[in-house]
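Visitor: Shown below is the structure under consideration.
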Ligand SMILES: [Zn+2]
Ligand SMILES: [Zn+2]
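Set out below in structure tokens:
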């Protein structure tokens, strides 16, 4: 499988980074993980046809992860998973208040579903398991464990400021890669959790430059191999 990093920024802008957006590629099919970036525009410029998408998964409804999600469901007509029913209503309201009449008309016919507990999506290529996190003050947020081609990866999504919700499963299962956000990272709370993670590699996205500096300052304490992502990076897992 490949992971295309289309947007690697957190909610406040950093130079040369679109907001969070990734595309997982498995067997010539695409899956969207978060839609903070204008994925259609970026993919058009990379000759990645959006017709190859089979489904999209939003970790939580902060704008830096979800602002372009309606375009995935309404514009492209793909199956989109949002954290909870209220999010579907909020998305419909957003389209209404933007006066996007064509999208508002089509909204009811779109395949927008809610994430369920545990294993909630499976097709011929991948299966996806939801892992609840505590990122939002109100509303649900998730990390996603994705198994495909005999490999296992985890997208943590955004975590709480203390990293208390860094998924426990990272100590229980072997992963080929854990894709973790680097905005709420603090050395004391996050580093021991990274070091207990059973993974071949950590891949950091949701990059905040001051947290990169902090990580580099303490990198000798990190026992797992890690990479930092930039927009346009493609990781073969
Ligand atoms: Zn975020
Ligand atoms: Zn967030």
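Numbering (the working numbering), first residue to last: 720 to 956. For every residue, glycine included, the Cβ atom is placed at its ideal position computed from N, Cα and C.
Is it true that the CB of residue 871 sits closer than 9 Å to the CB of residue 892?
Guide: Indexing the chain shown from 1 puts residue 892 at position 173. Indexing the chain shown from 1 puts residue 871 at position 152. A contact, by the Cβ cut-off of 9 Å.
Visitor: Is residue 881 near ligand 1, in the sense that its beta carbon is under 8 Å from a heavy atom of that ligand?
Guide: Position 162 of the chain shown holds residue 881. For ligand 1, not one heavy atom lies less than 8 Å from the Cβ of residue 881.
Visitor: Taking the C-alpha atoms as reference points, what is the distance between residue 792 and residue 733?
Guide: Translated into the one-based positions of the chain shown, residue 792 becomes position 73. Translated into the one-based positions of the chain shown, residue 733 becomes position 14. Cα to Cα, the separation comes out at about 28 Å.
Visitor: Determine the DSSP secondary structure at residue 823, reduced to helix, strand or coil.
Guide: What you label residue 823 is simply residue 104 of the chain shown in a count that begins at 1. Residue 823 falls in the helix class under three-state DSSP.
Visitor: Do the stretch 803–812 and the stretch 752–762 meet, that is, are 3 or more Cβ pairs less than 8 Å apart?
Guide: No, because fewer than three Cβ pairs between the stretch 803–812 and the stretch 752–762 fall closer than 8 Å, the two stretches do not touch.
Visitor: What does the alpha-carbon distance come out to for the pair residue 830 and residue 730?
Guide: Against the chain shown, residue 830 aligns to sequence position 111. Against the chain shown, residue 730 aligns to sequence position 11. Approximately 27 Å, taken between the alpha carbons.
Visitor: For residue 944, does the count of other Cβ atoms within 10 angstroms reach 16, so buried, or fall short, so exposed?
Guide: For the purposes of this step, residue 944 is taken as the residue at position 225 of the chain shown. Under this definition residue 944 is an exposed residue.
Visitor: Helix, strand or coil: which one does DSSP assign to residue 885?
Guide: If you number the chain shown from 1, residue 885 lands on position 166. Residue state, collapsed to three classes: coil.
Visitor: Does the pairing of the stretch 807–825 with the stretch 873–880 give three or more beta-carbon distances under 8 Å?
Guide: In short, these stretches do not touch, since the Cβ pair count stays below three.
Visitor: Which same chain residues, not among the five before or five after residue 897, have their C-beta less than 8 Å away from its C-beta?
Guide: Working through the chain shown from its first residue, we reach residue 897 at position 178. So the list reads 872, 873, 875, 889, 916, 918, 920, 921 and 922, once near-sequence residues are dropped.
Visitor: Do you know how far the Cα of residue 755 is from the Cα of residue 747?
Guide: The count along the chain shown starts at 1 and reaches residue 747 at position 28. The count along the chain shown starts at 1 and reaches residue 755 at position 36. Going from the Cα of residue 747 to the Cα of residue 755 covers about 23 Å.
Visitor: Given 8 Å as the limit, tell me if residue 900 has its C-beta closer than that to any heavy atom belonging to ligand 1.
Guide: One-based indexing of the chain shown puts residue 900 at position 181. Answer for residue 900: yes, Cβ within range of ligand 1.
Visitor: Taking all protein chains shown into account, decide if residue 772 is buried (16 or more other Cβ within 10 angstroms of its Cβ) or exposed.
Guide: Here residue 772 is taken as the residue at index 53 of the chain shown, counted from 1. Answer is buried; the Cβ neighbour count reaches 16.
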